[in-house]
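Protein chains in written order, with this note's numbering: chain W, 1175 to 1286; chain P, 1175 to 1286; chain D, 1175 to 1286; chain X, 3 to 434; chain E, 3 to 434; chain C, 3 to 434.
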Amino acid sequence: MKMVTAIIKPFKLDDVRAALSELGVAGMTISEVKGFGRQKGHTELYRGAEYVIDFVPKLKLELVVSEDRVDQVVEAIIENTRSGKVGDGKIFITSVDQVVRIRTGETDEDAI
Amino acid sequence: MKMVTAIIKPFKLDDVRAALSELGVAGMTISEVKGFGRQKGHTELYRGAEYVIDFVPKLKLELVVSEDRVDQVVEAIIENTRSGKVGDGKIFITSVDQVVRIRTGETDEDAI
Amino acid sequence: MKMVTAIIKPFKLDDVRAALSELGVAGMTISEVKGFGRQKGHTELYRGAEYVIDFVPKLKLELVVSEDRVDQVVEAIIENTRSGKVGDGKIFITSVDQVVRIRTGETDEDAI
Amino acid sequence: MKSTRLITLLGLLATPFSVLAGNEGLSGANTAWILTATALVLFMTIPGLSLFYAGLVRAKNVLSVLMQCFSLTCLMSLLWLIIGYSLAFADGNDWVGGLSKVMFAGIGEDTLSGDIPETLFATFQMTFAVITPALMVGAFAERMKFSAMLIFSAIWMLVVYAPVTHWVWGGGWLANLGLLDFAGGTVVHITAGAGALVAALVIGNRKGFPGTPMLPHNLTLTVTGAGMLWVGWFGFNAGSALAANGDAAMAMLVTHISASAGALTWMTVEWVRFGKPSVLGIVTGMVAGLGTITPASGFVGPAGALVIGISAGIVCFYMTQLIKRKFKIDDSLDVFPVHGVGGILGTLLAGVFASTELGLFSGQGFLKEEITSIGQQLSVQATGVAATFVYTAVVTFVILKIIDAVLGLRVEEETEISGLDLAEHEERGYSL
Amino acid sequence: MKSTRLITLLGLLATPFSVLAGNEGLSGANTAWILTATALVLFMTIPGLSLFYAGLVRAKNVLSVLMQCFSLTCLMSLLWLIIGYSLAFADGNDWVGGLSKVMFAGIGEDTLSGDIPETLFATFQMTFAVITPALMVGAFAERMKFSAMLIFSAIWMLVVYAPVTHWVWGGGWLANLGLLDFAGGTVVHITAGAGALVAALVIGNRKGFPGTPMLPHNLTLTVTGAGMLWVGWFGFNAGSALAANGDAAMAMLVTHISASAGALTWMTVEWVRFGKPSVLGIVTGMVAGLGTITPASGFVGPAGALVIGISAGIVCFYMTQLIKRKFKIDDSLDVFPVHGVGGILGTLLAGVFASTELGLFSGQGFLKEEITSIGQQLSVQATGVAATFVYTAVVTFVILKIIDAVLGLRVEEETEISGLDLAEHEERGYSL
Amino acid sequence: MKSTRLITLLGLLATPFSVLAGNEGLSGANTAWILTATALVLFMTIPGLSLFYAGLVRAKNVLSVLMQCFSLTCLMSLLWLIIGYSLAFADGNDWVGGLSKVMFAGIGEDTLSGDIPETLFATFQMTFAVITPALMVGAFAERMKFSAMLIFSAIWMLVVYAPVTHWVWGGGWLANLGLLDFAGGTVVHITAGAGALVAALVIGNRKGFPGTPMLPHNLTLTVTGAGMLWVGWFGFNAGSALAANGDAAMAMLVTHISASAGALTWMTVEWVRFGKPSVLGIVTGMVAGLGTITPASGFVGPAGALVIGISAGIVCFYMTQLIKRKFKIDDSLDVFPVHGVGGILGTLLAGVFASTELGLFSGQGFLKEEITSIGQQLSVQATGVAATFVYTAVVTFVILKIIDAVLGLRVEEETEISGLDLAEHEERGYSL
Ligand SMILES: Nc1ncnc2c1ncn2[C@@H]1O[C@H](COP(=O)(O)OP(=O)(O)O)[C@@H](O)[C@H]1O
Ligand SMILES: Nc1ncnc2c1ncn2[C@@H]1O[C@H](COP(=O)(O)OP(=O)(O)O)[C@@H](O)[C@H]1O
Ligand SMILES: Nc1ncnc2c1ncn2[C@@H]1O[C@H](COP(=O)(O)OP(=O)(O)O)[C@@H](O)[C@H]1O
């Protein structure tokens, strides 16, 4: 199994989720993160001075999927997050040795 | 070494920590995450309309442990989080190439 | 490629980022986490009683870098976070199978 | 005694411009209460209404709402000084006041309006001119350009609010008809409500409405603001007696009763329909109860207020559903169904429960001697409602269309997505 | 002059029902101040107390607390109109008022109570009837069913609060004994405190208490609420003079001094014991100081208030420890040790520092002519304390047991774990 | 009539100590308003100013700021009772009051000050003695030791605030010169501003200043506090008339106008310079407008207030830049450039716009008969400004240096990094 980790722009979440649902991928864990990268942050005004805030709020999606679904999933994420503008995000794929569903004790593919 | 990542219901944390402490596993890093999966979210009322909020608040526990302790740790987590109800959570096990303790520079098993 | 995950004290972030920038490593994803470990938490007063809060606020830095830069990066992080006091943090290194830059579709080294 | 009160009221409300030298004729007691009431009404807008609204939007727009309410407070105050007060309260014709009080000309420390200083009356009224445009902020929240909002509100206050105030309280045609509007059912709530409805229609729905849930980001702010609104409303309604006497006390009592009844009613309707009573529901019902009692507050008794509050809870609840769910109009924070509908309902019910012939439900009687039946009074009330609504709606529409053509009303889509706080004000609400 | 004040006070507090026509006999100045004071006391509950409590619970229950306080405000107000005021203040016997003022019968705009409108007196008192049950919310926070809470509070107000008010302020037996309770040490704080203690015992501890720390989720709310409580308390105590005069001014001064002294004392005790002064500590000491001065506020001088405030800080601190740490009773937000104990302490100390024979520490004297020594007054005070405490405790116990049997008092365990906000109200406090 | 007012004012402000028996001579109306005003000024500090400041610091220090403001409220109140009031207002010499009113000796319920109870006058003034040191908290926020802060403020109030109050309002030398300071431009704002500047210099910059941006953690608190400050300021300025009359009403009006103008001006300057109007900008401009009108509020008319407000917005904006960006002085929440500079500017402009010879921009005239030209009055005003500034700065410096030597002013570096909330108070602001 693989862990697909995607860093995306927050407002794209709904589209991504819809697309993944269609693929039958419902399980996912999401965190709010701060991204640093090529995309510029923003400036903030504070009593007559401007400050550059260089992080950008992002969402990190973590999905464990069986190997044969990785490409589909990556495809679906890209399709729904790509705008062509800097900061669209990244996808990382890593290997997962084992998965357990706590409720049943099922493991690996059965547990996803 | 392995990274054990557990997604659990927030209110189980104290029990899990107690059990892990007994095993002598004290180090752990925790994040608040939003889970999507089989477990249903909740509805929210908003001025005469009901909305379905489909994520569920979860905790993500990350523990790096030596390989021989993985089973023990997984066992302890399961024991203290399993209620048999949908949404008890998942455990993912992945490999860690190297660990460093910043304070001392110790690496791998010594660094955990 | 490798994922370098560093758990550090929050106020060290600026130094770490400066050092990484110098190395030409600009991309990074950061989460706020709670750390449990050797470092003691703090006590809190609440109407005439003191409670021990045993977690410590930490930042988790995640950086995907090409294998040949791992050592440099680890070095830079250590240099800028080590105080010699308990709780300086940990670094974990794991393998990444694949990286995609959503905007362009570039993969792996090109995508970092 | 009733006639004494009538005369006092007419004297105070419609033509408050007698000028006396020194402190002769000044009532220290009434002055003390109206000084306080002025503070209370300002408190309704900042921070009351501001927080009420701010909690209801998404976190990325929280400051934009606070900024809109705050800047309106400042801008409307200056406009009121410069010309608004004169248009509303200077001698004029049936439709609008003259220019004799521009820049508060001729109003010194010793000038009286009734038995309080005219500076005080004008400042008290200033706080009404502040809150009325601020109420509309809820309609176009989360998407209107800040600059367009300022210009719109400035023009609106001068061409809608000030003249309507003159009609009702400045000796204009509705005053002459004998319209009962004690504290602003037409002047404040119908104008704000109608303006809000038109603004929501002209500006259009928020991106994603009504599919995406756009839930309140911080209900503690909203409930805080609600409490402040309730407290401040004592100044609004009981202050409109312009005296510290039995009228003011009764106005405070009925205000309180209607707020309580509106709140509990809305909560109960929700509880029955959805199985849960919500805190947003109860505070919204409170606002409905308060808006509805406003025009009636100096005329009805506590039993009448109970009926008014209950009606407010039910009617405003269903109107909210209708506008948002059925008609899918994104009057984002429900200004029209709560304030506009409340104002209409209250203005009509004032014509009923002011009657002295309803036994337990009796009020203090009608203002005009010629009016002797509920029917007669109701037709005056309906005239006031209709005229205010139509005039406001048409003029609001025209102002907005012109501004849209010249400047644009709405922020860029990208700004709407990322939030107005950063894009329009370069600030973030929270960094916890 | 003292006797004049005595008569005025008795006249105002105990039998405020003279009826005069027109505005004759009305004091505009006193009316102005009591209109304001009424707004201030409402402000104490919404948003004051609501925020104070809301900040102290865990984030998952923040709205449930706000909802409980808000709905009680509404419900108690209507009940007060319908029957509560009559039970407390209509002519009756030594124990309870009659039904002659049901629905404020016979109270028009011109009816006076003393020299202020009776509607105003009744509305002012209404705000007291609101805050008293709201205080008890702290005892059963985070676990009581919303429906059970409403029913309990409604019954409690009618069978505990209204009669006790009659005893003390409505011409009942404690008034006749000469009990000193200027603004509600017995009527408000002892009833709320005793009710809270019994409720905590009957409902039982929160799951996890006392092992798991259940820390405040947002102390900025609590400190905000604390400031509002302090400011509002000026209306509570100085308003209880029912006049804008030297009595009111002195009441305001001693209230302020006791609050300051209570706060600094609690902070100091904490600083000494734990090495750190906490902001929750200082505001809790403030509440203790305010609760304790309440019954004494019209009778003592500033030096007496200083002693009262310091005593409050020390005694309430240790009682909080005792109840929660020693007896492990989960009176969750410490209503009994702060309000109940404060009310008892203050009622007793009023009997001391009202004396005119304490030099620098003298007060304004006792109310009843027959009472000439501190000892005599103290025994009256002790009688009042004991009677109020026992009566409240017993009746509260009975009400709760009945509701528990019929409906259940406590939410399901799962609801308690996930939080009352979502389960009882389908809302979340924050989504930042 | 002008001379009547002059005499009243002098009577009230400078020598408010006539003692009458009973309620003879008491004005209920004035008492009603000053009771209210006292509540409003307390409200400015808790929670107004506290929230305003708390929102501006980083989340890790939010409670420390709330704690500082709250503890100062308590401590200054007790000190005022014990000796501060006497030093400021008891008969004394040109420089300081005597000890005859220590512990409010000789002040009973019936003692009057002018036509209000002296207890009330003293309590009203107490709230001024509270807010002045609290204003300085902004200068040394996020790094000063709590214990040192308490000791510093206590000494400062007695050796700086109380004497300067005596100079200006207690019959001292500046009063005799004919200084115009209606509500505290010198007494409150210049002393706080000068103290703040010196404190920032002595304590030194926060670690990381000015490189690291230290942005507000919760602007909703700041805007809430801003609204409360505005409302409370009505009590501050209009209350300083010590009467419910035309003076008070005019003071309220000009206060409101200056606040509005200051706010919009600051917003506009920002908009022009940075392309964005910010909510922190507009509320800061409001505070500047309010601070600046304070000394002038009883003397000028609305057109004068407009000019004063606009000047405040511009001058305070640029002074903020100057101090922080150019001189790199970490007066963390800009107390000096906003309050100090505002106080100076307002004290000077009061000398201009009080003149009755400016046509539309005229005010109510100067206080002292000998002063007949703006030039004469301005030189008195400049003397008052300079004397207050220099005296405050020097004494503040000395106090701080002594405390630094004995106890240390600043927390450990580690505490500064981890935040004062946990280290100094063992609490966290939020756990959401
Ligand atoms: N090397 C990296 N390691 C981890 N996360 C990264 C890395 N580079 C970028 N990111 C994450 O991806 C986000 C988008 O990257 P960015 O460089 O801004 O845009 P793009 O991917 O379009 O070039 C960043 O905000 C950050 O969260
Ligand atoms: N494929 C997945 N990848 C990542 N996280 C998952 C995945 N499936 C479930 N999760 C996480 O596990 C949690 C529990 O999963 P859920 O399907 O609701 O219950 P159960 O595991 O009992 O079947 C989810 O809320 C989500 O955070
Ligand atoms: N085994 C582990 N797995 C995951 N995270 C860990 C582990 N041990 C420690 N950590 C993280 O590293 C942080 C620092 O560890 P700690 O033991 O306190 O100090 P040190 O590394 O200096 O010995 C912890 O707060 C926690 O977030």
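Glycine included, each C-beta is placed from N, C-alpha and C at the ideal position.
How far does the beta strand (DSSP E) with H1216/P in it extend, from its first residue to its last?
The residue you call residue 1216/P lines up with position 42 of the second sequence. Element bounds for H1216/P: H1216 to L1219.
Got a sec: is the Cβ-Cβ distance from K1264/P to anything in chain W below 7 Å?
Within the second sequence, the letter at position 90 stands for residue 1264/P. So, interface residue.
If you draw a straight line from the alpha carbon of F363/X to that of A196/E, how long is it in whole angstroms?
Along the fourth sequence, read from residue 1 onward, the residue named residue 363/X stands at position 361. Along the fifth sequence, read from residue 1 onward, the residue named residue 196/E stands at position 194. Between F363/X and A196/E, the C-alpha separation is close to 39 Å.
Quick one: complete beta strand (DSSP E) runs, 3+ long, within the segment 99-148 of chain X?
none
Relative to the alpha-carbon of L51/X, which residue among F130/X, Y87/X, A290/X and A136/X has its alpha-carbon at the smallest distance?
As a first step, residue 51/X must be located in the fourth sequence, where it is residue number 49. The shortest Cα separation from L51/X among F130/X, Y87/X, A290/X and A136/X belongs to A136/X.
Mind listing the chain X neighbours of A1288/P? Cutoff is C-beta to C-beta under 8 Å, in chain order.
Missing from the structure shown is residue 1288/P; chain P here goes from 1175 to 1286 and no further.
Would you kindly work out how many angstroms separate the C-alpha atoms of L244/X and F126/X, rounded to a whole number?
Indexing the fourth sequence from 1 puts residue 244/X at position 242. Indexing the fourth sequence from 1 puts residue 126/X at position 124. So the alpha carbons of these two residues sit roughly 9 Å apart.
Smallest Cα separation from N63/C: which of L217/C, V200/C and L199/C?
Stepping through the sixth sequence from its first residue, residue 63/C is reached at position 61. Minimum Cα distance to N63/C is reached at L217/C.
For the putative contact between N32/E and Y432/C, defined by C-beta atoms under 8 Å, what is the C-beta separation to the nearest angstrom?
For this step, residue 32/E is matched to residue 30 along the fifth sequence. For this step, residue 432/C is matched to residue 430 along the sixth sequence. About 44 Å; that fails the 8 Å criterion.
Tell me whether the beta-carbon of V1207/W lies closer than 7 Å to the beta-carbon of K1232/W.
In the first sequence, the residue the question calls residue 1207/W occupies position 33. In the first sequence, the residue the question calls residue 1232/W occupies position 58. Yes. Within cutoff.
In angstroms with no decimal places, state the Cα-to-Cα distance between F1235/W and W169/X.
The residue given as residue 1235/W occupies position 61 in the first sequence. The residue given as residue 169/X occupies position 167 in the fourth sequence. According to the sequence shown, residue 1235/W is Leu rather than Phe. Using only the alpha carbons, I get a separation of about 60 Å.
Would you report the Cα separation of V200/C and T398/C, rounded to the nearest angstrom?
Residue mapping note: residue 200/C aligns to position 198 of the sixth sequence, counting from 1. Residue mapping note: residue 398/C aligns to position 396 of the sixth sequence, counting from 1. Roughly 7 Å separates the two Cα atoms.
Any residues in the segment 39-64 of chain C with a beta carbon nearer than 7 Å to a beta carbon of chain X? Which ones, in chain order?
L42 and A61
Counting contacts by CB-CB distance shorter than 7 Å, is F1185/P in contact with chain E?
One-based indexing of the second sequence puts residue 1185/P at position 11. Residue contact with chain E for F1185/P: present (Cβ-Cβ distance below 7 Å to some residue of chain E).
As a quick exercise: from I331/C, A164/C and G342/C, pick the residue whose alpha carbon is nearest that of A90/C.
Residue numbering aside, residue 90/C sits at position 88 when the sixth sequence is read from its first letter. Ranking I331/C, A164/C and G342/C by Cα distance to A90/C puts A164/C first.
For L101/E, count neighbouring Cβ atoms within 10 angstroms of its own Cβ and tell me buried if that reaches 16, exposed if not.
The count along the fifth sequence starts at 1 and reaches residue 101/E at position 99. It is exposed - the Cβ of L101/E has fewer than 16 other Cβ atoms within 10 Å.
Roughly how many whole angstroms lie between the Cα atoms of R1191/D and Q1272/D?
Locating residue 1191/D in the third sequence gives position 17, where the first residue counts as 1. Locating residue 1272/D in the third sequence gives position 98, where the first residue counts as 1. Approximately 24 Å between the Cα atoms of the pair.
Rank I331/C, N178/C and L347/C by C-alpha distance to the C-alpha of A388/C and give the top, closest one.
By one-based count along the sixth sequence, residue 388/C stands at place 386. Per the Cα distances, L347/C.
7 Å is my cut-off, CB to CB: does V459/E come that close to chain C?
Coverage of chain E is limited to positions 3 through 434, which leaves residue 459/E absent and any answer about it impossible.
Quick one: Cα of A23/E to Cα of T113/E, how far?
Along the fifth sequence, read from residue 1 onward, the residue named residue 23/E stands at position 21. Along the fifth sequence, read from residue 1 onward, the residue named residue 113/E stands at position 111. Annotation note: pLDDT 38 at A23/E (below 50); position unreliable, coordinate value reported separately. Looking at the two C-alpha atoms, the distance is approximately 7 Å.
Residues in the same chain with beta-carbon distance under 8 Å from D93/C, minus the five sequence neighbours each way, listed in chain order, please.
Stepping through the sixth sequence from its first residue, residue 93/C is reached at position 91. F19, G99, G100, S102 and G173, listed in sequence order.
Can you tell me whether DSSP reads K278/X as helix, strand or coil?
For this step, residue 278/X is matched to residue 276 along the fourth sequence. Coil, per DSSP.
Given that T1217/D touches chain C, what residues does it touch there, using C-beta distances under 7 Å?
Start at 1 with the first residue of the third sequence, and residue 1217/D comes out as number 43. Here the neighbours are E428.
Closer than 7 Å, Cβ to Cβ, to anything on chain P: give me those residues from the segment 392-421 of chain E, in chain order.
I419
Since I believe V189/E is in contact with T167/E (beta carbons under 8 Å), could you give me their beta-carbon distance rounded to a whole number of angstroms?
By one-based count along the fifth sequence, residue 167/E stands at place 165. By one-based count along the fifth sequence, residue 189/E stands at place 187. Taking C-beta atoms under 8 Å as the contact rule, T167/E and V189/E qualify, at a distance of about 5 Å.
Tell me whether F1210/D sits in a helix, a strand or coil according to DSSP, three-state version.
Along the third sequence, read from residue 1 onward, the residue named residue 1210/D stands at position 36. Here F1210/D sits in strand by DSSP.
Are three or more beta carbon pairs between the segment 312-332 of chain X and the segment 1224-1231 of chain P nearer than 8 Å?
no
Using a Cβ-Cβ cut-off of less than 7 Å, list which residues of the segment 1198-1211 of chain P approach chain F; keep chain order.
The structure shown contains no chain F; the protein chains it does contain are W, P, D, X, E and C.
Cutting at 7 Å between CB atoms, please list the residues of its own chain near V59/E, excluding the five before and the five after it.
As a working mapping, residue 59/E is identified with position 57 in the fifth sequence. Excluding residues within five positions, the ones whose Cβ falls inside 7 Å are V67, A143, E144 and H219.
Contact criterion: CB-CB distance below 7 Å. Does L12/C meet it with respect to chain X?
The residue given as residue 12/C occupies position 10 in the sixth sequence. Only weak support is given to the placement of L12/C: the predicted model assigns it a pLDDT of 38, under 50, and the question is left unresolved by the model.
I'd like the list of long-range same chain contacts for V1270/W, defined as Cβ closer than 8 Å, with 5 residues on each side in sequence excluded.
Position 96 of the first sequence, counted from the first residue, corresponds to residue 1270/W. Correct list, in chain order: M1175, K1176, M1177 and V1238.
Check the Cβ of V285/C against every Cβ in chain X and list those closer than 8 Å, keeping chain order.
Along the sixth sequence, read from residue 1 onward, the residue named residue 285/C stands at position 283. Here the neighbours are F72.
Are the C-beta of L424/C and some C-beta of chain D separated by less than 7 Å?
As a first step, residue 424/C must be located in the sixth sequence, where it is residue number 422. For L424/C, the answer is yes, since a Cβ of chain D falls inside 7 Å of its Cβ.
Determine, for L122/C, whether the minimum Cβ-Cβ distance to residues of chain E falls below 7 Å.
Here residue 122/C is taken as the residue at index 120 of the sixth sequence, counted from 1. Answer yes: the Cβ-Cβ gap between L122/C and chain E drops below 7 Å somewhere.
Tell me, please, whether the segment 338-347 of chain C touches the segment 317-326 of chain C by the rule of three or more beta-carbon pairs shorter than 8 Å.
These segments touch.
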